[in-house]
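Residue numbers (UniProt numbering), protein chains in the order written: chain A, 1 to 61; chain B, 1 to 61; chain C, 1 to 61; chain D, 1 to 61; chain E, 1 to 61; chain F, 1 to 61.
Even for Gly, the Cβ is constructed at its ideal location relative to N, Cα and C.
First up is the structure itself, then whatever we jot down about it.
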């Protein structure tokens, strides 16, 4: 409300995630005018052999 | 058809999931008039440090 | 928290949607033990020529 | 089972979509060994001012 | 890579979306260390009668 | 651009995934006329007790 889903390769640290969700929530509050508590974010991580770009798995790029 | 995706923090038991998918499928059949076999549900679980509300990770709330 | 996304062909009435979100929220509260206010649901509708089963668009099945 | 969601800018023709869902379903059957009827695909289209790359809306790129 | 999907009620202006995707992309670059051009964002909008919180459609809250 | 998300039960081999993302990317290039490098695919896998059809978990079907 809004809900944000981030699809990423696994491997980021908790510190990276902490910074990301803080900054993204602020971006949502600033631009869409919603209260911070209304913003939920989920990072959906997959292994490198479950994600591809250009038809090639990230485990093989 | 319809497909339901549920984004949740990891940690629910199989019993909880069994009940949820049963009740959700019934809700879909009752309200949207589709056959139960047409309803698929996937629960996408993330660790507490990959989900946030109000700009704060669930691992730190 | 949890967030539910429902992918469906467009065309349901507001009455159908009203019943669905009520029943689905109750299913979540009952089985996952979350407060109703924590449950958000979004129905993502596409036209029949943007959805397929068995490799055939719903507009042509 | 599996379910495929394709996020794209709006504007493709029905003919383009017809070809895509046919070929994608065949790719799923061939590689994952599932029956074609088990494959559902939904194309979620957004206008050019609701999609961005590199921080710039497609309506302004 | 990462891909960001934002589920929201329809009705934001292009100016609001322009600011959001710019700030979100910067948050991703800063925290996850990816190039801006690798970040795609799609805002998936639904009408108020297709989104609910607490079991009640936004069109009726 | 487009982004493809595939929701599946866990358990496919890297060889199966390698073939799938190659064929799906080719299907996208052929039908939607986009360059291969613009196509990203993420396979979101869940355990059998987190996915259901017909109201029954795959771990119990």
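So what does DSSP say about residue i, is it helix, strand or coil?
i, result
"residue 40 (chain F)", "strand"
"residue 63 (chain E)", "Any answer about residue 63 (chain E) is impossible in this case: the structure gives chain E only from 1 up to 61."
"residue 34 (chain E)", "coil"
Using a C-beta cutoff of 8 Å, does residue i count as contacting chain D?
i, result
"residue 19 (chain C)", "no"
"residue 16 (chain F)", "yes"
Output yes if chain C places a C-beta closer than 8 Å to the C-beta of residue i; else output no.
i, result
"residue 38 (chain E)", "no"
Taking the alpha carbon of residue i as the point to measure from, which residue in the options has its own alpha carbon closest?
i, options, result
"residue 55 (chain A)", "F:44, F:34, F:47 and F:52", "F:34"
"residue 4 (chain C)", "E:59, E:58 and E:53", "E:53"
"residue 24 (chain A)", "A:46, A:40, A:60 and A:44", "A:40"
"residue 28 (chain F)", "F:59, F:45 and F:1", "F:1"
"residue 111 (chain C)", "D:22, D:49, D:46 and D:47", "Since the displayed chain C opens at 1 and closes at 61, residue 111 (chain C) lies outside it and no answer follows."
"residue 37 (chain A)", "B:57, B:15 and B:19", "B:57"
"residue 49 (chain F)", "B:46, B:45 and B:14", "B:14"
"residue 11 (chain A)", "E:32, E:42 and E:20", "E:32"
"residue 19 (chain E)", "A:18, A:19, A:26 and A:16", "A:26"
"residue 16 (chain B)", "C:30, C:47, C:45 and C:59", "C:30"
"residue 51 (chain C)", "D:42, D:47 and D:9", "D:42"
Quick one: does residue i have its CB under 8 Å from some CB of chain A?
i, result
"residue 60 (chain F)", "no"
"residue 49 (chain E)", "no"
Chain B beta carbons: is any one of them nearer than 8 Å to that of residue i?
i, result
"residue 3 (chain D)", "yes"
"residue 52 (chain F)", "yes"
Could one say the Cβ of residue i lies closer than 8 Å to chain E's Cβ atoms, at least one of them?
i, result
"residue 30 (chain D)", "no"
"residue 10 (chain A)", "no"
Based on the DSSP secondary-structure assignment, which residues constitute the bridge partners of residue i?
i, result
"residue 45 (chain F)", "F:8"
"residue 3 (chain E)", "A:7 and E:40"
"residue 52 (chain C)", "C:57 and D:41"
Establish whether the CB of residue i and some CB of chain H are separated by less than 8 Å.
i, result
"residue 27 (chain F)", "The question asks about chain H, but that chain is absent: this structure's protein chains are A, B, C, D, E and F."
Can a CB atom of chain F be found closer than 8 Å to the CB of residue i?
i, result
"residue 44 (chain A)", "yes"
"residue 55 (chain A)", "yes"
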